[in-house]
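What follows is a set of notes on a single structure, which appears directly below.
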Amino acid sequence: MGNETEPGVIPRSVDNVFDFIKKAITREFLLRVSYLEIYNETIKDLLNPSNNNLKIQQDRIRGVYVTPLTEEVVTCPEDVLRIIRKGEVVVAIRYFKWRTLTTTGYGMNSLKSKETNLIDLAGSEKAASDQDRRKEGSYINKSLLTLGTVISKLTDPNIGKSPNHIPYRDSKLTRILQTALSGHAKVAVICTISPSIMEESLNTLKFASRVKRITTHAKNDEVMDDKALIQKYRNEIVELKSKLQSTAEVLQKEKESAIIAERRDHDEQMKHMRNVRKTMKERIDHLTRLILTSSSVDTTDPITIAVLLQHQQQLEDPSHSGLPSPPYSERNSSASHDNIATNNNNSASGLLMVGNQQQEIQELRRQLSEMMKASYIKDQRILALEEQLRQQTNINSQLETALSVTRAELEVTQLLTNENEEKERRSRENSDHSNMQNSVWT
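In full-length UniProt numbering, the protein residues as written are 1 to 442.
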(Lines of atoms letter the chains of each structure in order from A and count residues from 1; the text may use other names and numbers.)
(Lines give C-alpha, C1' and ligand atoms only; values in the text may rest on other atoms or scores of the structure.)
Protein backbone atom coordinates (compact mmCIF):
# COMPACT_ATOMS: atom_id res chain seq x y z
CA MET A 1 0.00 0.00 0.00
CA GLY A 2 2.83 2.41 0.79
CA ASN A 3 2.05 5.82 2.25
CA GLU A 4 0.90 9.24 1.05
CA THR A 5 4.37 10.40 0.03
CA GLU A 6 5.45 7.07 -1.47
CA PRO A 7 2.36 5.15 -2.66
CA GLY A 8 2.71 1.44 -3.36
CA VAL A 9 1.64 -0.74 -6.26
CA ILE A 10 -2.06 -0.85 -5.33
CA PRO A 11 -2.63 2.95 -5.07
CA ARG A 12 -0.68 3.51 -8.29
CA SER A 13 -2.72 0.88 -10.13
CA VAL A 14 -5.99 2.33 -8.84
CA ASP A 15 -4.96 5.84 -9.91
CA ASN A 16 -4.08 4.48 -13.34
CA VAL A 17 -7.58 3.00 -13.72
CA PHE A 18 -9.28 6.27 -12.80
CA ASP A 19 -6.94 8.25 -15.05
CA PHE A 20 -8.04 6.02 -17.93
CA ILE A 21 -11.69 6.74 -17.08
CA LYS A 22 -11.07 10.50 -17.02
CA LYS A 23 -9.57 10.39 -20.51
CA ALA A 24 -12.47 8.36 -21.96
CA ILE A 25 -14.94 11.25 -21.90
CA THR A 26 -17.37 9.62 -24.36
CA ARG A 27 -17.88 6.41 -22.35
CA GLU A 28 -19.48 5.36 -19.08
CA PHE A 29 -18.01 2.97 -16.53
CA LEU A 30 -19.23 0.90 -13.60
CA LEU A 31 -16.41 -0.16 -11.27
CA ARG A 32 -16.61 -3.00 -8.78
CA VAL A 33 -13.99 -4.21 -6.32
CA SER A 34 -13.65 -7.72 -4.90
CA TYR A 35 -11.10 -9.08 -2.43
CA LEU A 36 -10.47 -12.80 -1.97
CA GLU A 37 -7.88 -15.09 -0.42
CA ILE A 38 -6.71 -18.58 -1.36
CA TYR A 39 -5.78 -20.47 1.79
CA ASN A 40 -5.12 -24.21 1.81
CA GLU A 41 -6.73 -24.48 -1.64
CA THR A 42 -9.88 -22.85 -0.25
CA ILE A 43 -11.19 -19.55 -1.62
CA LYS A 44 -12.36 -17.06 1.01
CA ASP A 45 -14.33 -13.87 0.46
CA LEU A 46 -12.61 -11.20 2.56
CA LEU A 47 -15.43 -8.68 2.07
CA ASN A 48 -18.01 -11.18 3.32
CA PRO A 49 -16.38 -13.79 5.62
CA SER A 50 -19.66 -15.69 6.00
CA ASN A 51 -19.69 -16.45 2.27
CA ASN A 52 -17.91 -19.81 2.20
CA ASN A 53 -19.44 -21.53 -0.82
CA LEU A 54 -17.16 -20.00 -3.48
CA LYS A 55 -16.56 -21.82 -6.75
CA ILE A 56 -14.52 -21.21 -9.88
CA GLN A 57 -16.56 -21.11 -13.06
CA GLN A 58 -15.98 -20.22 -16.68
CA ASP A 59 -18.29 -18.96 -19.38
CA ARG A 60 -18.09 -17.31 -22.77
CA ILE A 61 -18.72 -13.80 -21.50
CA ARG A 62 -16.65 -13.46 -18.32
CA GLY A 63 -14.08 -16.18 -18.83
CA VAL A 64 -12.73 -17.65 -15.56
CA TYR A 65 -14.29 -16.09 -12.45
CA VAL A 66 -15.19 -16.82 -8.83
CA THR A 67 -18.84 -16.90 -7.75
CA PRO A 68 -20.67 -15.83 -5.65
CA LEU A 69 -17.95 -13.31 -4.80
CA THR A 70 -18.91 -10.05 -3.09
CA GLU A 71 -18.34 -6.99 -5.26
CA GLU A 72 -18.74 -3.40 -4.09
CA VAL A 73 -19.27 -0.45 -6.42
CA VAL A 74 -16.68 2.34 -6.19
CA THR A 75 -16.59 5.85 -7.62
CA CYS A 76 -13.17 7.15 -6.56
CA PRO A 77 -9.71 5.84 -5.58
CA GLU A 78 -10.46 6.45 -1.91
CA ASP A 79 -13.36 3.98 -2.05
CA VAL A 80 -11.08 1.29 -3.47
CA LEU A 81 -8.42 1.76 -0.79
CA ARG A 82 -11.09 1.81 1.92
CA ILE A 83 -12.48 -1.55 0.75
CA ILE A 84 -9.00 -3.10 0.60
CA ARG A 85 -8.28 -1.97 4.15
CA LYS A 86 -11.61 -3.47 5.17
CA GLY A 87 -10.51 -6.82 3.76
CA GLU A 88 -7.12 -6.60 5.45
CA VAL A 89 -8.80 -6.14 8.79
CA VAL A 90 -10.79 -9.34 8.26
CA VAL A 91 -7.94 -11.50 7.01
CA ALA A 92 -5.54 -13.14 9.41
CA ILE A 93 -1.85 -13.53 8.63
CA ARG A 94 -1.73 -15.90 5.67
CA TYR A 95 0.98 -16.96 3.29
CA PHE A 96 -1.14 -16.71 0.22
CA LYS A 97 -3.25 -13.70 -0.76
CA TRP A 98 -5.20 -12.76 -3.82
CA ARG A 99 -6.46 -9.27 -4.59
CA THR A 100 -8.54 -8.42 -7.62
CA LEU A 101 -9.84 -5.13 -8.93
CA THR A 102 -12.49 -5.63 -11.61
CA THR A 103 -13.52 -2.78 -13.88
CA THR A 104 -16.62 -3.13 -16.06
CA GLY A 105 -17.46 -0.43 -18.60
CA TYR A 106 -20.84 0.07 -20.22
CA GLY A 107 -21.11 1.91 -23.49
CA MET A 108 -23.87 1.73 -26.06
CA ASN A 109 -25.23 -1.76 -25.34
CA SER A 110 -21.74 -3.30 -25.62
CA LEU A 111 -20.27 -4.94 -22.54
CA LYS A 112 -16.48 -4.73 -22.20
CA SER A 113 -15.00 -6.63 -19.32
CA LYS A 114 -11.61 -5.44 -18.08
CA GLU A 115 -9.82 -6.75 -15.01
CA THR A 116 -6.85 -5.52 -13.09
CA ASN A 117 -5.66 -8.35 -10.85
CA LEU A 118 -3.29 -7.53 -8.01
CA ILE A 119 -1.82 -10.75 -6.57
CA ASP A 120 0.33 -11.16 -3.48
CA LEU A 121 2.13 -14.52 -3.83
CA ALA A 122 3.63 -16.23 -0.82
CA GLY A 123 7.16 -17.57 -0.85
CA SER A 124 7.92 -21.28 -0.79
CA GLU A 125 7.70 -22.70 2.73
CA LYS A 126 10.09 -25.02 4.53
CA ALA A 127 8.90 -27.98 6.55
CA ALA A 128 7.43 -27.09 9.94
CA SER A 129 6.95 -29.17 13.08
CA ASP A 130 3.34 -28.15 13.61
CA GLN A 131 0.86 -30.27 11.67
CA ASP A 132 -1.31 -27.32 10.59
CA ARG A 133 1.75 -25.38 9.54
CA ARG A 134 3.02 -28.36 7.55
CA LYS A 135 -0.35 -28.68 5.82
CA GLU A 136 -0.42 -24.96 5.10
CA GLY A 137 3.12 -25.03 3.73
CA SER A 138 2.37 -28.05 1.56
CA TYR A 139 -0.58 -26.30 -0.06
CA ILE A 140 1.51 -23.18 -0.67
CA ASN A 141 4.33 -25.21 -2.18
CA LYS A 142 1.83 -27.17 -4.29
CA SER A 143 0.34 -23.97 -5.70
CA LEU A 144 3.75 -22.53 -6.44
CA LEU A 145 4.88 -25.82 -7.98
CA THR A 146 1.81 -25.90 -10.22
CA LEU A 147 2.39 -22.28 -11.16
CA GLY A 148 5.99 -23.10 -12.05
CA THR A 149 4.86 -26.10 -14.14
CA VAL A 150 2.35 -23.97 -16.03
CA ILE A 151 4.96 -21.31 -16.71
CA SER A 152 7.48 -23.94 -17.86
CA LYS A 153 5.01 -25.38 -20.34
CA LEU A 154 4.02 -21.92 -21.55
CA THR A 155 7.66 -21.06 -22.22
CA ASP A 156 8.34 -24.35 -24.01
CA PRO A 157 9.44 -23.48 -27.60
CA ASN A 158 7.57 -26.56 -28.92
CA ILE A 159 4.24 -25.52 -27.45
CA GLY A 160 2.96 -24.31 -30.81
CA LYS A 161 4.30 -27.31 -32.74
CA SER A 162 2.92 -30.23 -30.74
CA PRO A 163 -0.04 -30.78 -28.37
CA ASN A 164 0.93 -29.77 -24.87
CA HIS A 165 -1.56 -29.85 -22.03
CA ILE A 166 -1.34 -26.86 -19.67
CA PRO A 167 -2.36 -27.95 -16.13
CA TYR A 168 -4.32 -24.83 -15.20
CA ARG A 169 -6.86 -26.89 -13.23
CA ASP A 170 -4.29 -28.52 -10.92
CA SER A 171 -4.41 -25.51 -8.60
CA LYS A 172 -6.99 -22.85 -7.82
CA LEU A 173 -4.30 -20.22 -8.20
CA THR A 174 -3.38 -21.23 -11.75
CA ARG A 175 -7.05 -21.77 -12.59
CA ILE A 176 -7.93 -18.20 -11.63
CA LEU A 177 -4.77 -16.92 -13.35
CA GLN A 178 -5.57 -18.84 -16.55
CA THR A 179 -6.64 -15.74 -18.48
CA ALA A 180 -3.54 -13.79 -17.47
CA LEU A 181 -1.10 -16.66 -18.05
CA SER A 182 -2.57 -17.78 -21.38
CA GLY A 183 -1.14 -14.70 -23.07
CA HIS A 184 -4.34 -12.66 -23.47
CA ALA A 185 -3.48 -10.04 -20.85
CA LYS A 186 -0.68 -7.71 -19.87
CA VAL A 187 1.30 -9.16 -16.97
CA ALA A 188 3.83 -7.47 -14.69
CA VAL A 189 5.72 -9.47 -12.06
CA ILE A 190 7.62 -7.83 -9.19
CA CYS A 191 10.05 -10.13 -7.38
CA THR A 192 11.72 -9.25 -4.09
CA ILE A 193 14.96 -10.79 -2.82
CA SER A 194 17.08 -10.50 0.29
CA PRO A 195 20.82 -11.11 0.76
CA SER A 196 20.07 -12.82 4.07
CA ILE A 197 18.20 -15.65 2.32
CA MET A 198 20.46 -16.65 -0.55
CA GLU A 199 18.67 -19.89 -1.49
CA GLU A 200 15.23 -18.29 -1.58
CA SER A 201 16.60 -15.32 -3.53
CA LEU A 202 18.13 -17.66 -6.10
CA ASN A 203 14.85 -19.56 -6.50
CA THR A 204 12.99 -16.26 -6.86
CA LEU A 205 15.33 -15.12 -9.62
CA LYS A 206 14.91 -18.45 -11.43
CA PHE A 207 11.15 -18.06 -11.16
CA ALA A 208 11.35 -14.53 -12.59
CA SER A 209 13.57 -15.76 -15.42
CA ARG A 210 10.94 -18.31 -16.45
CA VAL A 211 8.07 -15.85 -16.15
CA LYS A 212 9.72 -13.25 -18.39
CA ARG A 213 9.82 -15.75 -21.27
CA ILE A 214 6.02 -15.99 -21.45
CA THR A 215 4.77 -14.47 -24.70
CA THR A 216 1.65 -12.35 -24.24
CA HIS A 217 -0.69 -10.77 -26.77
CA ALA A 218 -3.08 -8.60 -24.80
CA LYS A 219 -6.47 -7.99 -26.35
CA ASN A 220 -9.87 -6.61 -25.36
CA ASP A 221 -12.50 -9.34 -25.04
CA GLU A 222 -15.85 -8.01 -26.22
CA VAL A 223 -18.98 -10.09 -26.00
CA MET A 224 -22.16 -8.67 -27.49
CA ASP A 225 -25.53 -9.95 -28.59
CA ASP A 226 -26.96 -9.29 -32.03
CA LYS A 227 -28.68 -6.06 -31.04
CA ALA A 228 -25.55 -4.71 -29.39
CA LEU A 229 -23.48 -5.73 -32.41
CA ILE A 230 -25.88 -4.00 -34.79
CA GLN A 231 -25.86 -0.91 -32.60
CA LYS A 232 -22.06 -0.98 -32.50
CA TYR A 233 -21.81 -1.07 -36.27
CA ARG A 234 -24.41 1.66 -36.56
CA ASN A 235 -22.35 3.82 -34.25
CA GLU A 236 -19.20 3.04 -36.22
CA ILE A 237 -20.99 3.86 -39.48
CA VAL A 238 -22.15 7.17 -38.03
CA GLU A 239 -18.61 7.87 -36.83
CA LEU A 240 -17.13 6.93 -40.21
CA LYS A 241 -19.68 9.09 -42.00
CA SER A 242 -18.82 11.98 -39.71
CA LYS A 243 -15.10 11.51 -40.39
CA LEU A 244 -15.85 11.13 -44.08
CA GLN A 245 -17.89 14.30 -44.10
CA SER A 246 -15.18 16.17 -42.23
CA THR A 247 -12.54 14.91 -44.65
CA ALA A 248 -14.74 15.76 -47.62
CA GLU A 249 -15.33 19.25 -46.24
CA VAL A 250 -11.60 19.78 -45.77
CA LEU A 251 -10.87 18.54 -49.30
CA GLN A 252 -13.70 20.65 -50.67
CA LYS A 253 -12.36 23.74 -48.91
CA GLU A 254 -8.88 23.06 -50.25
CA LYS A 255 -10.23 22.60 -53.77
CA GLU A 256 -12.38 25.71 -53.46
CA SER A 257 -9.37 27.65 -52.22
CA ALA A 258 -7.36 26.42 -55.21
CA ILE A 259 -10.18 27.39 -57.58
CA ILE A 260 -10.53 30.81 -55.94
CA ALA A 261 -6.77 31.37 -56.21
CA GLU A 262 -6.83 30.32 -59.87
CA ARG A 263 -9.79 32.58 -60.53
CA ARG A 264 -7.98 35.43 -58.81
CA ASP A 265 -4.95 34.87 -61.01
CA HIS A 266 -7.22 34.65 -64.03
CA ASP A 267 -8.96 37.91 -63.10
CA GLU A 268 -5.60 39.61 -62.68
CA GLN A 269 -4.46 38.29 -66.04
CA MET A 270 -7.72 39.41 -67.63
CA LYS A 271 -7.33 42.84 -66.08
CA HIS A 272 -3.79 43.03 -67.42
CA MET A 273 -4.98 41.88 -70.84
CA ARG A 274 -7.76 44.49 -70.83
CA ASN A 275 -5.22 47.18 -70.02
CA VAL A 276 -2.96 45.93 -72.80
CA ARG A 277 -5.93 45.77 -75.13
CA LYS A 278 -6.90 49.32 -74.24
CA THR A 279 -3.34 50.50 -74.81
CA MET A 280 -3.15 48.70 -78.15
CA LYS A 281 -6.50 50.12 -79.22
CA GLU A 282 -5.36 53.63 -78.36
CA ARG A 283 -2.19 53.04 -80.34
CA ILE A 284 -4.18 51.72 -83.30
CA ASP A 285 -6.44 54.78 -83.19
CA HIS A 286 -3.40 57.01 -83.00
CA LEU A 287 -1.77 55.28 -85.96
CA THR A 288 -5.05 55.50 -87.85
CA ARG A 289 -5.11 59.22 -87.27
CA LEU A 290 -1.52 59.42 -88.45
CA ILE A 291 -2.49 57.61 -91.64
CA LEU A 292 -5.27 60.10 -92.29
CA THR A 293 -2.89 62.97 -91.65
CA SER A 294 -0.36 61.48 -94.03
CA SER A 295 -3.03 61.12 -96.69
CA SER A 296 -4.04 64.69 -96.25
CA VAL A 297 -0.43 65.71 -96.47
CA ASP A 298 -0.07 63.63 -99.61
CA THR A 299 -2.97 65.50 -101.25
CA THR A 300 -1.65 68.90 -100.30
CA ASP A 301 -0.47 71.23 -103.04
CA PRO A 302 3.18 70.50 -103.91
CA ILE A 303 3.96 74.21 -104.18
CA THR A 304 2.78 74.71 -100.61
CA ILE A 305 4.92 71.81 -99.44
CA ALA A 306 7.89 73.25 -101.35
CA VAL A 307 7.42 76.66 -99.78
CA LEU A 308 7.23 75.14 -96.31
CA LEU A 309 10.33 73.06 -96.89
CA GLN A 310 12.16 76.09 -98.35
CA HIS A 311 11.20 78.07 -95.29
CA GLN A 312 12.58 75.34 -93.05
CA GLN A 313 15.80 75.20 -95.07
CA GLN A 314 16.18 78.93 -94.83
CA LEU A 315 15.97 78.68 -91.09
CA GLU A 316 18.79 76.16 -91.14
CA ASP A 317 20.80 77.84 -94.00
CA PRO A 318 24.14 79.39 -92.93
CA SER A 319 23.57 82.32 -95.33
CA HIS A 320 21.52 83.94 -92.57
CA SER A 321 24.73 84.36 -90.62
CA GLY A 322 25.76 87.48 -92.75
CA LEU A 323 27.43 85.87 -95.82
CA PRO A 324 26.65 87.31 -99.28
CA SER A 325 23.81 85.63 -101.11
CA PRO A 326 23.87 84.47 -104.75
CA PRO A 327 22.06 86.36 -107.52
CA TYR A 328 18.28 86.24 -107.59
CA SER A 329 18.01 84.27 -110.83
CA GLU A 330 20.37 81.60 -109.57
CA ARG A 331 18.56 81.40 -106.30
CA ASN A 332 15.19 81.13 -107.98
CA SER A 333 16.37 78.39 -110.33
CA SER A 334 18.02 76.48 -107.53
CA ALA A 335 14.93 76.80 -105.35
CA SER A 336 12.71 75.42 -108.12
CA HIS A 337 14.87 72.33 -108.54
CA ASP A 338 15.05 71.86 -104.78
CA ASN A 339 11.28 72.18 -104.43
CA ILE A 340 10.68 69.53 -107.07
CA ALA A 341 13.18 67.13 -105.48
CA THR A 342 11.80 67.73 -102.00
CA ASN A 343 8.26 67.15 -103.20
CA ASN A 344 9.23 63.81 -104.74
CA ASN A 345 11.13 62.76 -101.61
CA ASN A 346 8.21 63.80 -99.39
CA SER A 347 5.74 61.78 -101.42
CA ALA A 348 7.95 58.67 -101.26
CA SER A 349 8.52 59.11 -97.52
CA GLY A 350 4.80 59.54 -96.91
CA LEU A 351 3.95 56.36 -98.79
CA LEU A 352 6.66 54.43 -96.93
CA MET A 353 5.42 55.70 -93.55
CA VAL A 354 1.83 54.79 -94.38
CA GLY A 355 2.89 51.25 -95.33
CA ASN A 356 4.86 50.82 -92.11
CA GLN A 357 1.97 52.07 -89.99
CA GLN A 358 -0.49 49.76 -91.71
CA GLN A 359 1.81 46.80 -91.06
CA GLU A 360 2.13 47.81 -87.42
CA ILE A 361 -1.66 48.09 -87.08
CA GLN A 362 -2.10 44.63 -88.57
CA GLU A 363 0.51 43.21 -86.19
CA LEU A 364 -1.20 44.82 -83.20
CA ARG A 365 -4.56 43.49 -84.29
CA ARG A 366 -3.07 40.02 -84.68
CA GLN A 367 -1.61 40.17 -81.16
CA LEU A 368 -4.94 41.37 -79.78
CA SER A 369 -6.73 38.48 -81.49
CA GLU A 370 -4.25 35.96 -80.04
CA MET A 371 -4.69 37.41 -76.56
CA MET A 372 -8.47 37.15 -76.81
CA LYS A 373 -8.13 33.57 -78.08
CA ALA A 374 -5.81 32.67 -75.16
CA SER A 375 -8.29 34.21 -72.71
CA TYR A 376 -11.12 32.14 -74.19
CA ILE A 377 -9.03 28.95 -73.95
CA LYS A 378 -8.24 29.67 -70.29
CA ASP A 379 -11.93 30.24 -69.51
CA GLN A 380 -12.78 26.92 -71.12
CA ARG A 381 -10.01 25.21 -69.13
CA ILE A 382 -11.36 26.59 -65.84
CA LEU A 383 -14.86 25.36 -66.70
CA ALA A 384 -13.47 21.92 -67.58
CA LEU A 385 -11.52 21.76 -64.30
CA GLU A 386 -14.62 22.66 -62.30
CA GLU A 387 -16.61 19.93 -64.05
CA GLN A 388 -13.80 17.42 -63.46
CA LEU A 389 -13.68 18.41 -59.79
CA ARG A 390 -17.42 17.86 -59.43
CA GLN A 391 -17.23 14.43 -61.05
CA GLN A 392 -14.23 13.42 -58.90
CA THR A 393 -16.08 14.51 -55.75
CA ASN A 394 -19.03 12.30 -56.67
CA ILE A 395 -16.72 9.35 -57.36
CA ASN A 396 -14.90 9.83 -54.03
CA SER A 397 -18.21 9.94 -52.18
CA GLN A 398 -19.33 6.67 -53.77
CA LEU A 399 -15.99 4.97 -53.04
CA GLU A 400 -15.97 6.10 -49.43
CA THR A 401 -19.53 4.85 -48.90
CA ALA A 402 -18.59 1.48 -50.38
CA LEU A 403 -15.49 1.41 -48.16
CA SER A 404 -17.58 1.99 -45.04
CA VAL A 405 -19.94 -0.86 -45.95
CA THR A 406 -17.03 -3.18 -46.73
CA ARG A 407 -15.33 -2.33 -43.45
CA ALA A 408 -18.48 -3.13 -41.50
CA GLU A 409 -18.83 -6.46 -43.32
CA LEU A 410 -15.20 -7.33 -42.57
CA GLU A 411 -15.67 -6.60 -38.89
CA VAL A 412 -18.75 -8.82 -38.77
CA THR A 413 -16.79 -11.57 -40.51
CA GLN A 414 -13.89 -11.16 -38.09
CA LEU A 415 -16.23 -11.34 -35.12
CA LEU A 416 -17.80 -14.55 -36.41
CA THR A 417 -14.33 -16.00 -37.04
CA ASN A 418 -13.22 -15.16 -33.50
CA GLU A 419 -16.34 -16.79 -32.09
CA ASN A 420 -15.68 -19.96 -34.07
CA GLU A 421 -12.06 -20.05 -32.94
CA GLU A 422 -13.14 -19.56 -29.33
CA LYS A 423 -15.62 -22.41 -29.62
CA GLU A 424 -12.95 -24.68 -31.11
CA ARG A 425 -10.48 -23.76 -28.35
CA ARG A 426 -13.01 -24.51 -25.61
CA SER A 427 -13.91 -27.74 -27.31
CA ARG A 428 -10.25 -28.77 -27.30
CA GLU A 429 -9.89 -27.82 -23.63
CA ASN A 430 -12.97 -29.82 -22.66
CA SER A 431 -11.66 -32.75 -24.67
CA ASP A 432 -8.26 -32.57 -22.96
CA HIS A 433 -9.93 -32.34 -19.58
CA SER A 434 -12.12 -35.35 -20.33
CA ASN A 435 -9.12 -37.34 -21.49
CA MET A 436 -7.22 -36.43 -18.35
CA GLN A 437 -10.13 -37.51 -16.15
CA ASN A 438 -10.45 -40.77 -18.04
CA SER A 439 -6.74 -41.44 -17.60
CA VAL A 440 -7.05 -40.73 -13.87
CA TRP A 441 -9.98 -43.14 -13.52
CA THR A 442 -8.07 -45.71 -15.52
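Where is the CB? At the ideal position from N, CA and C, for every residue including glycine. Because the structure is a prediction, the values reported are computed rather than measured.
With a threshold of 16 other beta carbon atoms within 10 Å, VAL405 falls short and is exposed. Taking a C-beta distance under 7 Å as the contact criterion, GLU41 and LYS153 do not qualify as a contact pair. The Cβ neighbour count for SER34, taken over all protein chains shown within 10 Å, is at least 16; the residue is labelled buried. Between ILE361 and ILE284, the gap from beta carbon to beta carbon is short of 7 Å. For LYS378, same chain residues with a beta-carbon under 8 Å away, outside a window of 5 residues either side, are HIS266, GLN269 in chain order. Straight through space, the alpha carbons of ILE166 and GLU424 are spaced by roughly 16 Å. In the three-state scheme derived from DSSP, where H, G and I count as helix and E and B as strand, LEU31 is classed as strand. Beyond the five residues adjoining it in sequence on each side, ASN48 comes within less than 6 Å, by CB distance, of THR70 in the same chain, given in chain order. In the three-state reduction of the DSSP assignment, LEU240 falls in the helix class, which pools H, G and I.
In the pairwise beta carbon analysis, the segment 7-15 is classified as touching the segment 73-82: at least three pairs are separated by under 8 Å. In the structure shown, the three-state DSSP call for PRO7 is strand. In this structure THR204 touches CYS191 by the C-beta definition: roughly 5 Å separates them, less than 8 Å. If you look at VAL187, you'll find it isn't in any beta strand (DSSP E); DSSP assigns it neither H nor E. Buried is the label assigned to ILE38, since at least 16 other Cβ atoms lie within 10 Å of its Cβ. Bounds of the alpha helix (DSSP H) holding GLU88 are 77-90.
By the Cβ-count criterion, ALA402 is exposed, with fewer than 16 other Cβ atoms from all chains shown falling within 10 Å of its own Cβ. By the 16-neighbour rule on beta-carbons within 10 angstroms, ILE176 is buried. Measuring C-alpha to C-alpha distances from LYS278 to each of THR215, LEU364, VAL211, VAL238 identifies LEU364 as the nearest. Taking 7 Å as the cut-off, the beta carbon of LEU54 is found no closer than this to the beta carbon of GLY87. The three-state reading of DSSP puts THR70 in coil, since its state is none of H, G, I, E or B. At the C-beta level, LEU30 and VAL74 stay beyond 7 Å of one another. Counting the other Cβ atoms within 10 Å of the Cβ of TYR376 gives fewer than 16, which makes it exposed. At the C-beta level, GLN57 and THR67 come within 7 Å of one another.
For THR174, the enclosing alpha helix (DSSP H) begins and ends at 172-176. Distance from the CA atom of GLN178 to the CA atom of SER431, rounded to whole angstroms, is 17 Å. Looking at the backbone, the Cα of GLU421 and that of SER427 are separated by about 10 Å. Only residues of its own chain outside the window of five on either side were considered, and among them GLN57 have a CB closer than 7 Å to the CB of TYR65, listed in chain order. Looking at the backbone, the Cα of GLU72 and that of ASN3 are separated by about 24 Å. Taken through DSSP and simplified to helix, strand or coil, THR192 comes out as coil. If you check the CB distance, THR146 and ASP170 come in under 7 Å.
Beyond the five residues adjoining it in sequence on each side, ARG213 comes within less than 7 Å, by CB distance, of THR155 in the same chain, given in chain order.
Of the residues LYS255, LEU118, GLU400, the one whose Cα lies closest to the Cα of GLN388 is LYS255. In the three-state reduction of the DSSP assignment, THR116 falls in the strand class, which pools E and B. Per DSSP, THR204 is one residue of the alpha helix (DSSP H) stretching across 198-211. Collapsing the DSSP output to three states places GLU37 in a strand.
The closest CA to that of ASN117, considering only LYS44, VAL17, ALA24, is found on VAL17.
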